[in-house]
Structure formats: C-alpha cells, structure tokens
Amino acid sequence: MTQQPTPTPAPEARAFDADRVDFAAAQRSDAFQKLRKDQRSFIFPMALIFLVWYFLYAILAIYVPSFMTTKVWGNINVGVVMGLLQFVSTFAITGLYVRFANRTLDPQAAALRADLENDVYPSTHTRGSHS
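Counting in the numbering used here, the final residue of the sequence shown is number 131, and the numbers go up one at a time with none missing.
Here's what the structure looks like:
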C-alpha cells in the first residue's frame, strides 16, 4: 500500500476584515448605485408584467368562466392552458433573470467586492470604537 503525498496547502489569502470597510461610503458610491439601478430596472418591470399576467388569469377564471372552459383540444380548455403557462412564464422569468444577472449584475458585484476587499472604502474608525 503506497501512501499518497500530502498536498501542499495553498498560500493563505488575506482574511476579509469588515471592520476595515466603510459600508455606508460603499453604498453611496456610483458603482453600488448603478448596481441597484440595474437590478431594479429588471425586477420591477418583470414583477409588474408577471402580476398583471397572474391577475388576468385569476380574473378571467372568476368573471369569465365561459371563456376559461372553452375547449382547446379534447378535454383541455383555455383555463388549463393558461394555468400551465403560469408555470412556463415563471421558469422563463427565472431564466431571463439568471442570464441578466450573469451578464450585467455579477460583473458589477464582483468589481464592487474587489473594491471592498482592496480598501477602496476604508473605515475611519478603529476596531472596538463605536462612534
């Protein structure tokens, strides 16, 4: 039985010390504000579109049942099709958000994190002082 060589440990990365960061300054930064604006520019319109779509489905089911019971194919009616499309739209929105986040938000967040880790927003207080 041969013994496996012990792997060489990776050099220690500098541990992130949150006490060194002025998070309020980072939050006021243009980079953070752009990240928030970009995130909201996707989330709010998409949430509004989905809610309108969902309530349209519910309102049609309540107030126009004759439309919702219209046969499409065999025993499948408009209500079933629209109900299944609710699931499809949920997965589609999730996929669109993931793509948007990967392309737009993640690079910005990574840059902001690098700034935080590289003391771009240094704290003005020392450890233990709470002013």
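Quick reminder that beta carbons are idealized off the backbone N, C-alpha and C, glycines included.
Would Thr104 pass as a contact of Asp38 if the rule is Cβ separation under 7 angstroms?
Locating residue 104 in the sequence shown gives position 104, counting from the first residue. Locating residue 38 in the sequence shown gives position 38, counting from the first residue. Taking 7 angstroms as the Cβ cut-off, Thr104 and Asp38 qualify as a contacting pair.
Let me check understanding here. Comparing Cα to Cα, which of Pro65, Ile93, Phe91 lies closest to Val80?
In the sequence shown, residue 80 corresponds to position 80, counting from 1. Per the Cα distances, Pro65.
Alpha carbon to alpha carbon, how far is Ile43 from Val98? Give it in angstroms, no decimals.
On the sequence shown, position 98 is the one that residue 98 refers to. On the sequence shown, position 43 is the one that residue 43 refers to. If I take the Cα positions, the gap works out to 12 angstroms.
By the three-class DSSP mapping on this structure, what secondary structure does Val78 have?
Looking up residue 78 in the sequence shown gives position 78. In the structure shown, Val78 sits in a helix (DSSP, three-state: H, G or I).
If we count the other Cβ atoms within 10 Å of its Cβ and call it buried at 16 or more, is Tyr121 buried or exposed?
Against the sequence shown, residue 121 aligns to sequence position 121. Under this definition Tyr121 is a buried residue.
Please report how far the alpha carbon of Ile93 lies from the alpha carbon of Thr124, in whole angstroms.
For the purposes of this step, residue 93 is taken as residue 93 along the sequence shown, with counting starting at 1. For the purposes of this step, residue 124 is taken as residue 124 along the sequence shown, with counting starting at 1. Cα to Cα, the separation comes out at about 42 angstroms.
Report buried or exposed for Phe32, applying the criterion of at least 16 other Cβ atoms within 10 angstroms of its Cβ.
The residue given as residue 32 occupies position 32 in the sequence shown. Looking at its Cβ environment, which holds 16 or more other Cβ atoms inside 10 Å, Phe32 is buried.
Spatial neighbours of Val78 within its chain, please: C-beta separation below 7 angstroms, excluding the five flanking residues on both sides.
Here residue 78 corresponds to residue number 78 of the sequence shown, with the count starting at 1. Here the set comprises Phe67, Met68, Thr70, Val72.
Helix, strand or coil, according to DSSP, for Val120 in the structure here?
On the sequence shown, residue 120 is found 120 positions in, with the first residue counted as 1. Three-state result, Val120: coil.
Val21 by DSSP, collapsed to three states: which one?
Stepping through the sequence shown from its first residue, residue 21 is reached at position 21. Val21: strand per DSSP, three-state reduction.
Do the CB positions of Val52 and Leu116 come within less than 7 angstroms of each other?
Indexing the sequence shown from 1 puts residue 52 at position 52. Indexing the sequence shown from 1 puts residue 116 at position 116. Contact flag unset, no.
My understanding is that Gln108 touches Lys34, with C-beta atoms under 8 angstroms, so please give their C-beta distance in whole angstroms.
Position 108 of the sequence shown, counted from the start, is the residue given in the question as residue 108. Position 34 of the sequence shown, counted from the start, is the residue given in the question as residue 34. Between Lys34 and Gln108 the Cβ distance is about 7 angstroms, and since that is below 8 angstroms, they are a contact.
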